[in-house]
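Beneath this line is the structure, given in structure tokens, with notes to follow.
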Amino acid sequence: MTGESKGSKGFWLKLSKLGAPVATISKDEAIEAALCCGWIDGQLDKFDDHYFLVRMTPRRPGGLWSAKNRATAERLAQEGRMKPAGLAEVEAAKSDGRWVAAYASQGNAETPSDLAKALALNAAASRFFETLDRANRYAIIYRVNNTKQPATRAKRIEQFVEMLARGETIHPLKKTIKASS
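For what it's worth, the numbering used here labels the leading residue of the sequence shown as 101, then goes sequentially.
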């Protein structure tokens, strides 16, 4: 990651789960190393019972920052651990507004007030929204929060309310299998 990242498509990093025969660095340590070098973690994938994979890629120009990664990068900079490439990504985000527009993580995301008001006007959509799993709820909140133009945001909210009223989701719902008696 510390070399020339221009043109790199990234790589898959194998990390250990708790209790693996051979321990690796933690996911948080890997993310810190990536942020220091101007890279970002992405998609997760299974490897086997003891390990998993995380995709590491250079940050794309204009790529959004999560509030968690922003806080981590600030801490790493205070500790003097950021590399020139990582500092350049932070400065670019600060200069174009992405730094202050960092999005909340899935666990901390709250339903925007304009979406909540629209859901309150449609009982079927509101009921279905309350049943969504975390991935589907966050997908909607994220897409609403990251819409730049007010007219586009209003249209997107309208489309999501209609989708929810029809009982549709962005991601397929995982089916739970009930144990038979």
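Beta carbons are placed, not taken as given, at the ideal position from N, Cα and C, and that holds for glycine.
Within 10 angstroms of the beta-carbon of R175 lie fewer than 16 other beta-carbons, which makes it exposed. For Y151, the pairing in a beta bridge is given by DSSP as S116.
In the same chain as M101, and ignoring 5 residues on each side of it, the C-beta atoms closer than 6 Å to its own belong to C137 and W139, in chain order. When the beta-carbon positions are compared, A202 and P161 stay at least 9 Å from each other. Per DSSP, reduced to three states, the secondary structure at Q143 is strand. Sequence-distant partners of A218 (beyond 5 residues in either direction) whose C-beta falls short of 6 Å from its own C-beta, in its chain, are I257 and V261.
When the beta-carbon positions are compared, A224 and L273 stay at least 9 Å from each other. If you draw a straight line from the Cα of T211 to the Cα of S205, it is about 12 Å long. Considering only V244, N208, P184 and M156, the residue with the shortest C-alpha distance to E129 is M156. The beta carbon of G267 is closer than 6 Å to those of F228 in its chain, skipping five residues each way along the sequence.
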